[in-house]
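Residue numbers (our numbering): 1 to 117.
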């Protein structure tokens with residue numbers, strides 16, 4: 001997919017696409033570091049690593065640096081289950097961003113601590 005995109009759009013288009021992937025990765029990592037707990041942080045980091053590995057392997061395969069594999073490039077390849085998984089992961093991450101600002105539910109409130117009125 002990256003080879004076809006770069007053939008149609010040239011060097012500038014390929015560079016812009018890689019820059020957009022960089023912005024998406026930066027936003028994912030930024031949301032992950034501001035998570036309310038360990039799960040939010042680890043989920044965001046894992047999602048970013050998943051996307052980065054797929055991008056690096058796909059582009060590396062296309063430019064001849066890595067052996068040919070069957071990985072998909074995020075948000076472009078026509079793989080139904082992979083595309084669904086990507087958007088589900090981003091949906092969970094956006095939910096964490098939205099509800100992570102609310103007080104963490106696992107922390108006890110003052111009224112729940114024994115001996116404190």
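We put the CB at the ideal spot given by N, CA and C, even for glycine.
Being a predicted model, the structure only gives us computed values, none of them experimental.
* To do: For my contact list, residue 25 and residue 76 are in at a C-beta cut-off of 8 angstroms; report their separation, rounded to the angstrom.
  => As a working mapping, residue 25 is identified with position 25 in the chain shown. As a working mapping, residue 76 is identified with position 76 in the chain shown. With 8 angstroms as the limit, residue 25 and residue 76 do not qualify as a contact, their Cβ atoms being about 15 angstroms apart.
* Between residue 34 and chain D, is there a C-beta pair that is closer than 8 angstroms? -> This model lacks chain D altogether, as it is built from one protein chain only.
* Helix, strand or coil: which one does DSSP assign to residue 78? -> Here residue 78 refers to the residue found at position 78 of the chain shown. Residue 78 carries a coil assignment under DSSP once its states are collapsed to helix, strand and coil.
* **Limits of the unbroken alpha helix (DSSP H) element including residue 73** => Start at 1 with the first residue of the chain shown, and residue 73 comes out as number 73. It is not in any alpha helix (DSSP H) - residue 73 carries neither H nor E in the DSSP assignment.
* Asked: Within the chosen definition, does the segment 33-46 reach the segment 56-73 through at least 3 CB pairs nearer than 8 angstroms?
  -> Cβ pair count under 8 angstroms is below three, so no.
* Short Cβ contact (8 angstroms threshold) for residue 80 with residue 72 -> Reading the chain shown from its first residue, position 80 is the one you call residue 80. Reading the chain shown from its first residue, position 72 is the one you call residue 72. Not closer than 8 angstroms, so no.
* Asked: For residue 57, which of helix, strand or coil comes out of DSSP?
  -> Here residue 57 corresponds to residue number 57 of the chain shown, with the count starting at 1. The three-state reading of DSSP puts residue 57 in helix, counting H, G and I together.
* **Meets three-Cβ-pair contact criterion under 8 angstroms: the segment 13-33 and the segment 89-97** => Contact between the segment 13-33 and the segment 89-97 is established, with three or more Cβ pairs separated by less than 8 angstroms.
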